[in-house]
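So the protein sequences, as listed, match chains A and B.
Taking my numbering, the leading residue of the first sequence gets 15, the next gets one more, and so forth.
Taking my numbering, the leading residue of the second sequence gets 15, the next gets one more, and so forth.
Input: a single structure, listed below in structure tokens.
There are 2 protein chains.
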Amino acid sequence: MSSVPLHISISEKLRQQIEAGDYQPGEKLPSEHQLMETFDVSRITVRRAVANLVSQGLAKSQQGKGVFVTPQKKVAYSLASPLMFLEQDLARKGIQFTFENLTFRKIRTPKKVQAMLQLPIKSTVYFQKKLLNMDGAVGAIDESYILSDLGKKFGAQLKQQMTFPTLEAHGIAIEQIDAVIECTHADYKMSGYLEVPLGQPLIMYRYTTYGSDQQPILYGETISRADRFCYSLSLQK
Amino acid sequence: MSSVPLHISISEKLRQQIEAGDYQPGEKLPSEHQLMETFDVSRITVRRAVANLVSQGLAKSQQGKGVFVTPQKKVAYSLASPLMFLEQDLARKGIQFTFENLTFRKIRTPKKVQAMLQLPIKSTVYFQKKLLNMDGAVGAIDESYILSDLGKKFGAQLKQQMTFPTLEAHGIAIEQIDAVIECTHADYKMSGYLEVPLGQPLIMYRYTTYGSDQQPILYGETISRADRFCYSLSLQK
DNA sequence: TCAAGTCACTTGTTATAACAAGTAAAAGTT
DNA sequence: AACTTTTACTTGTTATAACAAGTGACTTGA
């Protein structure tokens, strides 16, 4: 008479228990076999219920080991001075931060970047792809496109240091940043990079940076695990 | 030899076809039966592949009808003047905007709101819950907590008009807004309200509003469908 | 003692099967 | 013509079954 599917009522029951603290963060949930007996349902139903929890970010399953309650701790990423002081900002919060340069090369300007950087069709930019680590765990991927001459001049340093401090150290002033924050889903490729299940929410920070004279300098996208990152900002009248 | 599960390779194949435009937005995908024959797999595998697409926000299934490619159109929500001019902002983009007042009542201040509004333990606030509609479709839920005396005084209007214009019309100046943008998952309750599958990403805008003398006036959370909303902002040096 | 192998237990993938329930068009009835 | 019923097709839920694959502890052999 409930009309609520079994897998939902089971996952809701488990969710309540997780939120009530019956299962602590990091703790192992009962195995599928145990849950089958507890709720007197088949394995497919138990698996569906567990999948519901995983898709809600409440649990994570590991083949051969079990299903574990995911501990939640989000890092707020302050937009008062975005990306520029990310490293310091995280250090202040006691978070170990490193990044790994995956790609740095010159490419033909992609169409969407042409518009953002106000570049002609037959231009080139430097494309950089970085993997950001927090406390040893993967947190985000950053893909950015920087003006060709800047990329050529500072390439060596950009591969090893954060972008904004590097630019400012060479007298390239950042005057304005236009940004869009949106949510996407992890596709198969991203789920591999960021070590999350397919379809998990990711938070994308798309930024266009302008120097003096409103000249666009770089466009980038920081795609973060939504369970580990959030953005904070303060707006005044 | 590929080591990639069948359901993944099928959903990836379909994803490519969708992104290539083989299936247009709103168009119906082949039925499960057809996909079973096309890929020569069982129904459970086809269903898993379709579930992958749904969890990535690429498709939506409707019982009795079929699976349809979801058309993507996001509304950027400008943070230059947040919430205040949402209505006008949307109107300018040609989007019909309405809201429905679900709840408006006085409650004991919840613990998390006490901290945000700097209120004592034994205080009360007015709690309002609104359902925001865009072009006739549900887009977001807004839950806000407003100082008791303001709620009492302007209750009648707050039920029918947007919050910020109402306050400003009565001379309550908004001086500052502290906000956090984060991503969450739709739990069972939210998935019902916002008409999305369980676990779909939602984008939460949590705001604390301050009037003159840095006095907190209201705290609220706007929970939007991440497939329909994003936030844009501009930061100057 | 240490390394290799075995075994029990875990989740992951996939197949077959049956019924429920929503949708829409065709067929039948008034 | 208008309404109702049937029917075919769709996705949703759930059960049973088998094997694959990762993990860790225990056992065995050198």
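Glycine included, every Cβ here is placed at the ideal spot set by N, Cα and C.
Per DSSP, SER45(B) is not a residue of any beta strand (DSSP E), being assigned neither H nor E.
For GLU182(B), the enclosing alpha helix (DSSP H) covers residues 177 to 183. Listed along chain B, the residues sitting closer than 9 Å to ASP192(A) by beta-carbon distance are SER246, LEU247, SER248, LEU249. In this structure, the alpha-carbon of GLY153(A) lies about 35 Å from that of THR123(B). A Cβ-Cβ distance of about 19 Å is found for the pair ARG61(B) and GLU41(B), leaving them out of contact under the 8 Å criterion.
Residues of the region 69 to 86 of chain B that bring their beta carbon within less than 7 Å of a beta carbon in chain A comprise SER69, GLN70, GLY71, in sequence order.
By the Cβ criterion, the region 50 to 64 of chain B is not in contact with the region 104 to 115 of chain B, since fewer than three pairs of Cβ atoms, one from each stretch, lie closer than 8 Å. Secondary structure of ILE217(A) (DSSP, three-state): strand.
Residue-level contact by beta carbon fails for HIS184(B) and chain A, as no gap is shorter than 8 Å. In this structure, the alpha-carbon of GLU196(A) lies about 9 Å from that of ASP241(B). Counting along the chain, the unbroken alpha helix (DSSP H) around ASP163(A) starts and ends at 162 to 172. In this structure, ALA200(A) lies near GLY213(A), with their beta-carbon atoms less than 8 Å apart. Following the DSSP letters along the chain, one finds SER69(A) inside the alpha helix (DSSP H) bounded by residues 57 to 69. Within its own chain, the residues whose Cβ lies closer than 6 Å to the Cβ of TYR140(A), once the five positions on either side in sequence are excluded, are LYS120, ILE160, GLY165, listed in chain order. Closer than 8 Å to the CB of GLY213(A) there is at least one CB belonging to chain B. If you compare the alpha carbons of GLU235(A), ARG220(A), TYR202(A) with that of LEU67(B), the shortest gap goes to TYR202(A). Exclusion of the five residues before and after THR198(A) leaves LEU216, MET218 as the residues of its chain whose Cβ lies within less than 7 Å of its Cβ.
With a threshold of 8 Å between beta carbons, LYS88(B) makes contact with chain A. Shown here, TYR233(B) sits in a strand according to DSSP, grouped into three states.
The beta carbon of LEU131(A) sits no closer than 8 Å to any beta carbon of chain B. When CB distances to chain A are screened at a threshold of 7 Å, the residues of the region 197 to 212 of chain B falling below it are CYS197, HIS199, ASP201, TYR202, LEU212, in chain order. The C-beta distance from GLN48(B) to VAL83(B) rounds to 15 Å, too long to fall under 8 Å, and the pair is not in contact. Within the region 56 to 68 of chain A, the residues whose Cβ lies closer than 7 Å to some Cβ of chain B are ASN66, listed in chain order.
According to the DSSP secondary-structure assignment, HIS199(A) is paired through a beta bridge with PRO215(A). Spatial neighbours of SER25(A) in its own chain (CB-CB distance under 6 Å, excluding positions within 5 residues in sequence) are listed in chain order as ALA63, ASN66, LEU67.
Among the residues facing chain B, ILE195(A) is included, as its CB has a counterpart in that chain under 8 Å away.
Under the Cβ distance rule, LEU146(A) does not count among the residues neighbouring chain B, no pair being separated by less than 8 Å.
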